[in-house]
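First the structure, in the form of structure tokens, and then the observations on it.
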Amino acid sequence: MNKPLRRVSVFCIALVLALMGWVTWIQGAKADSLADDEHNPRVTIQKYSRPLGNILVDGRPVTGSARTDGPLAYKRTYTDGPLYAPLTGYSSQIYGSTQLEALYGDVLDGSDTRLQSPENLVSRERAKGGDVATTLDTRIQKAGYKALGNKTGAAVALDPATGRILGMVSTPSYDPGKFAGQSGSDQKAWAALTGDKSQPHLNRALRQTYPPGSTFKLVVAAAALENGLYSSVDERTDSPNPYRLPDTRTDLTNENPAAPCKDATIRTALQYSCNNVFGKLAADLGEKKVKAQAEKFGFNDAKIDVPVRAGKSIYPSGMDSAQTALSGIGQFDDQATPLQMAMVVSAIANDGDLKTPHEVDKITDGGGNTVQEYGPKTYRTAMSQENAEQLQSAMQTVVEKGTGSGAKIDGLTVGGKTGTAQHGVDNSGTPYAWFVSYAEDAQGHQVAVASVVEDSDAARNEISGGGLAGPVAKAMMEAALKK
Numbered sequence: 150m151n152k153p154l155r156r157v158s159v160f161c162i163a164l165v166l167a168l169m170g171w172v173t174w175i176q177g178a179k180a181d182s183l184a185d186d187e188h189n190p191r192v193t194i195q196k197y198s199r200p201l202g203n204i205l206v207d208g209r210p211v212t213g214s215a216r217t218d219g220p221l222a223y224k225r226t227y228t229d230g231p232l233y234a235p236l237t238g239y240s241s242q243i244y245g246s247t248q249l250e251a252l253y254g255d256v257l258d259g260s261d262t263r264l265q266s267p268e269n270l271v272s273r274e275r276a277k278g279g280d281v282a283t284t285l286d287t288r289i290q291k292a293g294y295k296a297l298g299n300k301t302g303a304a305v306a307l308d309p310a311t312g313r314i315l316g317m318v319s320t321p322s323y324d325p326g327k328f329a330g331q332s333g334s335d336q337k338a339w340a341a342l343t344g345d346k347s348q349p350h351l352n353r354a355l356r357q358t359y360p361p362g363s364t365f366k367l368v369v370a371a372a373a374l375e376n377g378l379y380s381s382v383d384e385r386t387d388s389p390n391p392y393r394l395p396d397t398r399t400d401l402t403n404e405n406p407a408a409p410c411k412d413a414t415i416r417t418a419l420q421y422s423c424n425n426v427f428g429k430l431a432a433d434l435g436e437k438k439v440k441a442q443a444e445k446f447g448f449n450d451a452k453i454d455v456p457v458r459a460g461k462s463i464y465p466s467g468m469d470s471a472q473t474a475l476s477g478i479g480q481f482d483d484q485a486t487p488l489q490m491a492m493v494v495s496a497i498a499n500d501g502d503l504k505t506p507h508e509v510d511k512i513t514d515g516g517g518n519t520v521q522e523y524g525p526k527t528y529r530t531a532m533s534q535e536n537a538e539q540l541q542s543a544m545q546t547v548v549e550k551g552t553g554s555g556a557k558i559d560g561l562t563v564g565g566k567t568g569t570a571q572h573g574v575d576n577s578g579t580p581y582a583w584f585v586s587y588a589e590d591a592q593g594h595q596v597a598v599a600s601v602v603e604d605s606d607a608a609r610n611e612i613s614g615g616g617l618a619g620p621v622a623k624a625m626m627e628a629a630l631k632k
């Protein structure tokens, strides 16, 4: 064989070997990933070839499956879709899945290997879809949703002893069943949803952050007690009124000029929401100590999974003393989700032991057998029991005698903290109204709630945490403990 022909032969053999290697790699190493790729139409066809398993609330399905006339045999349906959308997310034949529908998609469609029976292994058929049992309480969820009404906002209710999410409301909401299929009406519903400026598809309870305003004063109070700046919530503080921000000519004043905020105790400062006290506390403690306390409650943690990942709540770094003082009243660059503020109150109510929040109790196979259970886990010890009990007492004073008096519930011990948070350039935006609280019945059962109203039809001068967000929290606490 002459030299040119030999070179051509070697090149052709190399091409054949490369092609064989490529085919082997595609059919071997890449086979599973290609088979599971969401853009592979066979995946969608198989997913919707049979009824999906269900997401359960109080043991009852809030999802279902309906027969279709199209190429995909079944589509997802929802019971009270807008009520439970922040929990379920959506499962759409066109637009994919979110929230629990996405995270537990392999359980719901039967492809999770843990669901396979010996018969499935022999026949190589997909198992019947399993169910996802959630922690939500129907009464609490409905109470929060009704109380928020046409307001833009969110609320989260936690069981402090276990971390179970008992309620998770976000408004405005949407009906995930309206775009579950492939028809023209489904596509129009999707276009309307994604084009809505009010963002009804946004889970404000988990994913939206807001300046926490005066509710953050609970974090600063915890830091002051934990670091020994003051030994008791009833010890008078060194707090001039007004308080001049360090190295500035700006005075930090209080909304109520007549409030007894000069050198007030932490109890009185929470009762009247004294800015001067908590601004000075934060500046005296310094950024690092306040930050350390905030992080014990969950701030700055980008991986809080419930199992849906929550938005990262932020306590900022690199502040000067004046900025640190402003951060102490929940302003400057502080940001918190409703879940985060519910975690703060939950830790205080549970004597300083913060449980990891979670919204799934267990998953079961198609026959109802438990595949996996999720029990309580400690997230962190946020503070000592003694200091937590002091803050519980001070929060009760806020409800009994202070700005949170509207949250009183006969027969229950209630503690709370109001907040009105400024935002926008030069406070040009509509203030956010916050209310965080816990309630306890005579048997020791507790619930912790954080609610925020982002927008309502109230006049600007009528916006307050107790007036707007307080009734939402109260409704959820009553539903939890007044059965």
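In the numbering used here, the protein residues as written are 150 to 632. The C-beta atom is built at its ideal place from N, Cα and C for all residues, glycine as well.
Apply the 10 Å Cβ neighbour rule to residue i and answer buried if 16 or more other Cβ atoms are within range, or exposed otherwise.
{"i": "Ile-497", "result": "buried"}
{"i": "Cys-161", "result": "exposed"}
{"i": "Lys-452", "result": "exposed"}
{"i": "Val-439", "result": "buried"}
{"i": "Ala-591", "result": "exposed"}
{"i": "Asn-405", "result": "exposed"}
{"i": "Thr-386", "result": "buried"}
{"i": "Lys-224", "result": "buried"}
{"i": "Leu-475", "result": "buried"}
{"i": "Thr-343", "result": "exposed"}
{"i": "Glu-535", "result": "exposed"}
{"i": "Asp-514", "result": "buried"}
{"i": "Ala-569", "result": "Going by the sequence as given, residue 569 is Thr instead of Ala. It is buried - the Cβ of Thr-569 has at least 16 other Cβ atoms within 10 Å."}
{"i": "Ser-586", "result": "buried"}
{"i": "Val-165", "result": "exposed"}
{"i": "Thr-173", "result": "exposed"}
{"i": "Pro-349", "result": "buried"}
{"i": "Ala-215", "result": "exposed"}
{"i": "Glu-274", "result": "exposed"}
{"i": "Thr-397", "result": "exposed"}
Note down, in chain order, each residue of its chain lying with its Cβ closer than 8 angstroms to the Cβ of residue i, except the 5 sequence neighbours on either side.
{"i": "Asn-403", "result": "Asn-390, Pro-391, Cys-410, Tyr-421, Ser-422, Cys-423, Asn-424 and Asn-425"}
{"i": "Asp-604", "result": "Lys-300, Thr-301, Gly-302 and Thr-579"}
{"i": "Gln-265", "result": "Ala-276"}
Please go through the same chain and pick out, in chain order, the residues whose beta-carbon is closer than 6 angstroms to the beta-carbon of residue i, but skip the five residues on each side of it.
{"i": "Ser-600", "result": "Ala-304, Phe-584, Ala-618, Val-621 and Ala-622"}
{"i": "Ser-470", "result": "Pro-395 and Ala-432"}
{"i": "Thr-505", "result": "Gly-312, Lys-526 and Tyr-528"}
{"i": "Asp-454", "result": "none"}
{"i": "Lys-461", "result": "Ala-451"}
{"i": "Pro-111", "result": "The chain is shown only over 150 to 632; residue 111 falls outside these bounds and no answer can be derived."}
{"i": "Phe-448", "result": "Ser-462 and Tyr-464"}
{"i": "Asp-606", "result": "At Asp-606, the pLDDT of 49 sits below 50, so the modelled position is not reliable; the number obtained from the coordinates is stated separately. Contacts found: none."}
{"i": "Lys-429", "result": "Ser-388 and Tyr-392"}
{"i": "Val-574", "result": "Since pLDDT at Val-574 reaches only 47, below the 50 mark, its modelled position is unreliable, and the value read off the structure follows with that caveat. Nothing listed; no residue qualifies."}
{"i": "Gln-472", "result": "Phe-481"}
{"i": "Lys-445", "result": "Arg-529 and Ala-531"}
{"i": "Pro-210", "result": "Asn-203"}
{"i": "Ser-495", "result": "Leu-307, Pro-309 and Ala-597"}
Excluding sequence positions up to five away, which residues of its chain have a Cβ less than 7 angstroms from the Cβ of residue i?
{"i": "Gln-442", "result": "Val-368, Ala-371, Ala-372 and Glu-375"}
{"i": "Ala-251", "result": "Gly-238"}
{"i": "Lys-557", "result": "Val-548 and Val-563"}
{"i": "Gln-242", "result": "Thr-193, Tyr-197, Leu-221, Lys-224, Ala-329, Gly-330 and Gln-331"}
{"i": "Leu-434", "result": "Ala-372, Ala-373, Asn-376 and Leu-378"}
I need the DSSP call for residue i, collapsed to helix, strand or coil.
{"i": "Pro-210", "result": "strand"}
{"i": "Val-457", "result": "coil"}
{"i": "Ala-408", "result": "coil"}
{"i": "Glu-250", "result": "helix"}
{"i": "Ala-373", "result": "helix"}
{"i": "Ala-599", "result": "strand"}
{"i": "Ala-431", "result": "helix"}
{"i": "Ala-303", "result": "strand"}
{"i": "Ala-310", "result": "coil"}
{"i": "Ala-474", "result": "helix"}
{"i": "Val-585", "result": "strand"}
{"i": "Ala-624", "result": "helix"}
{"i": "Val-548", "result": "helix"}
Could you check whether the Cβ of residue i sits closer than 7 angstroms to any heavy atom belonging to the ligand NAP?
{"i": "Gly-517", "result": "Summarising the ligand content, the structure contains no ligands, and the ligand NAP is consequently not present."}
From the DSSP secondary-structure annotation, give me the bridge partner or partners of residue i.
{"i": "Leu-297", "result": "The partner list for Leu-297 (beta bridge, DSSP) is empty, contrary to what the question assumes."}
{"i": "Ala-529", "result": "The question names Ala, but residue 529 in the sequence shown is Arg. Answer by DSSP bridge pairing, in chain order: Leu-503."}
{"i": "Tyr-223", "result": "Arg-216"}
{"i": "Arg-393", "result": "Asp-400"}
{"i": "Tyr-535", "result": "Reading off the sequence, residue 535 comes out as Glu, not Tyr. According to DSSP, Glu-535 bridges with nothing at all."}
{"i": "Asp-604", "result": "Thr-301"}
{"i": "Thr-283", "result": "Val-509"}
{"i": "Glu-522", "result": "Lys-511"}
Tell me, please, whether the segment 525–537 touches the segment 285–301 by the rule of three or more beta-carbon pairs shorter than 8 angstroms.
-> no
Quick check: the segment 475–492 against the segment 516–525, are there 3 or more CB pairs under 8 angstroms?
-> no
Do the segment 228–246 and the segment 278–298 make contact, defined as three or more Cβ pairs closer than 8 angstroms?
-> yes
At least three beta-carbon pairs within less than 8 angstroms, the segment 353–365 to the segment 315–323 = yes
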